[in-house]
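Here is the structure we will look at.
Protein chains in written order, with my numbering: chain V, 560 to 662; chain A, 134 to 334.
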């Protein structure tokens with residue numbers, strides 16, 4: 560790329576940055592009513608904040624999990640202990656009183 | 134002539150295997166899936182807000198279209214939120230190894246979720262009869278796309294919960310499986326109030 564071409568492209572980019580209305584970089588942003596512009600602004604913030612918040616929350620969750628793993632006892636993490644018991648096998652909360660025979 | 138090779142010690146002793154936590158990978162996988170789904174709904178919500186902003190003040194919902202049943206859907210919303218609470222309690226009971234009570238709460242969550250989907254279906258039938266269709270207006274398009282996508286997720290969550298419930302009754306439900314189902318169910322439950330407030334008001 561020649562120096563002249565480079566200068567021309569740089570000037571075009573600068574013009575677009577300094578005078579965005581003249582460049583019509585975003586047709587919807589400059590043709591709508593103030594209410595529409597505000598809606599675009601709000602949704603832009605929303606769509607930027609949601610993934611950042613979720614990724615941040617995910618990183619915090621992974622850190623917490625890693626700490627828990629580091630403190631865990633190796634024997635307590637086997638597959639056999641990973642299955643919940645069936646309701647029929649689970650102990651009752653209140654033991655059933657034995658029936659009196661011969662009553 | 135047969136020769137026996139002497140037993141040799143490995144040149145590079147391997148470290149003992151790290152304890153495996155299947156819950157992490159399943160829940161993490163489901164969380165990643167839910168992340169993509171949240172972004173899908175965020176896109177829908179943004180498009181809805183932009184389209185709504187194009188209409189003059191007071192012209193939304195469109196005057197020739199039926200009003201969405203705000204009060205009746207509040208009951209469905211309450212049922213769905215209650216199902217989330219029921220599954221939360223079920224999770225706590227499972228951690229306490231009280232499968233009997235957990236199975237009851239999981240059944241309650243399943244019943245409440247099913248009630249939500251059936252009631253939404255009945256509401257849709259009534260709205261279609263009143264003339265609100267996918268092509269009748271922008272409200273109809275957004276209503277059926279946003280609420281329909283949520284209903285699709287709710288049906289999938291009900292199916293997953295039903296399978297997990299059956300596995301619990303047979304003593305085959307794993308911690309990882311339940312964790313993944315719980316994440317998906319909570320996503321379906323917690324995203325609904327936002328959609329309800331946005332679309333129905």
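Ideal placement from N, C-alpha and C gives every residue a C-beta, glycine not left out.
If we cut at 9 Å on Cβ distances, does residue i have a partner in chain V?
| i | result |
| --- | --- |
| residue 334(A) | no |
| residue 190(A) | yes |
| residue 276(A) | no |
| residue 205(A) | no |
| residue 331(A) | no |
| residue 162(A) | no |
| residue 319(A) | no |
| residue 221(A) | no |
| residue 176(A) | yes |
| residue 155(A) | Because residue 155(A) carries a pLDDT of 45, less than 50, the predicted location of this residue cannot be relied on, and the following value inherits that uncertainty. Answer yes: the Cβ-Cβ gap between residue 155(A) and chain V drops below 9 Å somewhere. |
| residue 355(A) | Coverage of chain A is limited to positions 134 through 334, which leaves residue 355(A) absent and any answer about it impossible. |
| residue 311(A) | yes |
| residue 225(A) | no |
| residue 233(A) | yes |
| residue 134(A) | Its pLDDT being 49, under 50, residue 134(A) is placed unreliably in this model, and the coordinates cannot settle the point. |
So which residues on chain A does residue i lean against when the C-beta distance must stay under 8 Å?
| i | result |
| --- | --- |
| residue 615(V) | Per Cβ cutoff of 8 Å: no residues; residue 615(V) is ~12 Å from chain A at best. |
Over the uninterrupted alpha helix (DSSP H) stretch that includes residue i, give me the two end residues.
| i | result |
| --- | --- |
| residue 209(A) | 203 to 228 |
| residue 331(A) | 308 to 333 |
| residue 231(A) | No alpha helix (DSSP H) holds residue 231(A); DSSP gives it neither H nor E. |
| residue 617(V) | 593 to 630 |
| residue 275(A) | 271 to 302 |
| residue 563(V) | 562 to 577 |
Taking only beta-carbon atoms, is residue i less than 9 Å away from chain A?
| i | result |
| --- | --- |
| residue 619(V) | no |
| residue 606(V) | yes |
| residue 642(V) | yes |
| residue 609(V) | yes |
Anything in chain V within Cβ reach of residue i, meaning under 9 Å, just list it in chain order.
| i | result |
| --- | --- |
| residue 302(A) | 645, 646 and 647 |
| residue 308(A) | 640, 641, 642 and 643 |
| residue 168(A) | 610, 613, 614 and 617 |
Taking residue i as the query, report the chain A residues whose CB atoms sit under 7 Å from its CB, ordered along the chain.
| i | result |
| --- | --- |
| residue 599(V) | 183 |
| residue 594(V) | 186 |
| residue 602(V) | 179, 182 and 183 |
Could you check which residue in the options has the C-alpha nearest to that of residue i?
| i | options | result |
| --- | --- | --- |
| residue 614(V) | 249(A), 161(A), 200(A) and 183(A) | 161(A) |
| residue 648(V) | 173(A), 171(A), 304(A) and 228(A) | 304(A) |
| residue 214(A) | 194(A), 182(A) and 247(A) | 247(A) |
| residue 281(A) | 170(A), 307(A), 254(A) and 318(A) | 254(A) |
| residue 208(A) | 331(A), 219(A), 256(A) and 180(A) | 256(A) |
| residue 232(A) | 334(A), 307(A) and 318(A) | 307(A) |
| residue 609(V) | 240(A), 176(A) and 316(A) | 176(A) |
| residue 240(A) | 327(A), 170(A), 159(A) and 293(A) | 293(A) |
| residue 172(A) | 564(V), 577(V) and 607(V) | 607(V) |
| residue 242(A) | 223(A), 328(A), 326(A) and 320(A) | 223(A) |
| residue 288(A) | 328(A), 192(A) and 314(A) | 314(A) |
| residue 203(A) | 211(A), 266(A) and 197(A) | 211(A) |
| residue 597(V) | 165(A), 310(A) and 182(A) | 182(A) |
| residue 274(A) | 189(A), 166(A), 194(A) and 167(A) | 194(A) |
| residue 189(A) | 594(V), 573(V), 560(V) and 642(V) | 594(V) |
| residue 165(A) | 325(A), 330(A), 322(A) and 316(A) | 316(A) |
| residue 295(A) | 324(A), 271(A), 187(A) and 237(A) | 237(A) |
Starting from residue i, find everything on chain V with Cβ-Cβ shorter than 7 Å and list it in chain order.
| i | result |
| --- | --- |
| residue 171(A) | 609 and 613 |
| residue 305(A) | 642 |
Anything in chain V within Cβ reach of residue i, meaning under 8 Å, just list it in chain order.
| i | result |
| --- | --- |
| residue 236(A) | 646 |
| residue 297(A) | Going along chain V, no residue has its Cβ under 8 Å from residue 297(A), so there is no contact; the nearest lies around 10 Å. |
Strictly under 9 Å for the Cβ-Cβ distance: is residue i near chain D by that measure?
| i | result |
| --- | --- |
| residue 203(A) | No chain D appears in this structure, whose protein chains are V and A. |
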